[in-house]
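Engineer: Protein chains in written order, with this note's numbering: chain A, 1 to 112; chain B, 1001 to 1114. My questions will all concern the structure given below.
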């Protein structure tokens, strides 16, 4: 089944404790992206990747890192999480930027 | 400043009627617009994409229009059903260089009553 998977789905952590949210797609897509969704602010793009080893900042990249060492995986790294990074995070992928974008199920993060 | 706006108020309509949702943007030159459906607690699901040189796109009961003069896209659901109740998001891809950016509106919640 074609899908985007994220892990973990739920995470409670404390300020400053490094964490990684994994994202994997099995559709051989070139384009992948991370978003956060907050009430009243909608979906905001954090980082995106047009292909392996090619990443770029979205609208809200501060406090986040990403890597794209292989086509199927695009992990989101929070080196030193802060409470303002409490949010619902979505990973997405598509064959190219302008085609159907498939979203993962989301990761709900709470930073205390 | 650059903005993409959707009506934040929920849209309530009767089953069988046509629902029309609006997406307005300012200070962008979009290469294309996308529309998504999002159910509570789930990731957005892609519905339709319309390019800057297209006026209208259809898919079953869905229709999207794109007016670059008015800087507006309209999303229509004809013969609406209670199962169409969800939040609908528009997203804009700026036409500026080789960018992978996608800018989302805040979404409009549609409630279709039986």
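All C-beta atoms, glycine included, are put in the ideal place defined by N, C-alpha and C. In this text, all values refer to a predicted model and were calculated from it rather than measured experimentally.
1. Taking only beta-carbon positions, decide if residue 58(A) is within less than 8 Å of chain B.
2. Does the CB of residue 1003(B) have a neighbour CB from chain A at under 8 Å?
3. Can you tell me the Cα-Cα spacing of residue 1005(B) and residue 3(A), whole angstroms?
4. Helix, strand or coil for residue 26(A), going by three-state DSSP, please let me know.
5. Which residues in chain B sit within 8 Å of residue 100(A), going by Cβ to Cβ distance?
6. Counting Cβ pairs closer than 8 Å, one from the stretch 94 to 107 of chain A and one from the stretch 16 to 30 of chain A, do we hit at least three?
7. Hey, is residue 38(A) close to the ligand SAM, as in C-beta under 7 Å from one of its heavy atoms?
8. On the premise that residue 1092(B) lies in contact with residue 1077(B), defined as a C-beta separation below 8 Å, what is that separation, rounded to the nearest angstrom?
9. Grab the span of the beta strand (DSSP E) containing residue 1011(B) for me, first residue to last.
10. Verify whether the separation of the beta carbon atoms of residue 1062(B) and residue 1047(B) is less than 8 Å.
Structural biologist: If we stick to the structure as given:
1. As a working mapping, residue 58(A) is identified with position 58 in the first chain. Yes, because at least one Cβ of chain B sits closer than 8 Å to the Cβ of residue 58(A).
2. Position 3 of the second chain, counted from the first residue, corresponds to residue 1003(B). No, residue 1003(B) does not count as interfacial toward chain A.
3. Sequence index remark: in the second chain, residue 1005(B) carries index 5 (1-based). Sequence index remark: in the first chain, residue 3(A) carries index 3 (1-based). The alpha-carbon separation between residue 1005(B) and residue 3(A) amounts to approximately 30 Å.
4. By 1-based counting over the first chain, the position of residue 26(A) is 26. Here residue 26(A) sits in coil by DSSP.
5. Taking the first residue of the first chain as 1, we reach residue 100(A) at position 100. Those within 8 Å of residue 100(A) in chain B are 1046, 1049.
6. Result yes; three or more Cβ-Cβ pairs closer than 8 Å.
7. As presented, the structure is devoid of all ligands, the ligand SAM included, so that no description of it is given.
8. Walking along the second chain from the start, residue 1077(B) turns up at place 77. Walking along the second chain from the start, residue 1092(B) turns up at place 92. 20 Å between Cβ atoms; not a contact.
9. Counted from its first residue, the second chain places residue 1011(B) at position 11. Counting along the chain, the beta strand (DSSP E) containing residue 1011(B) begins and ends at 1011 to 1014.
10. The count along the second chain starts at 1 and reaches residue 1062(B) at position 62. The count along the second chain starts at 1 and reaches residue 1047(B) at position 47. Yes, the pair counts as a contact, with Cβ atoms nearer than the cut-off.
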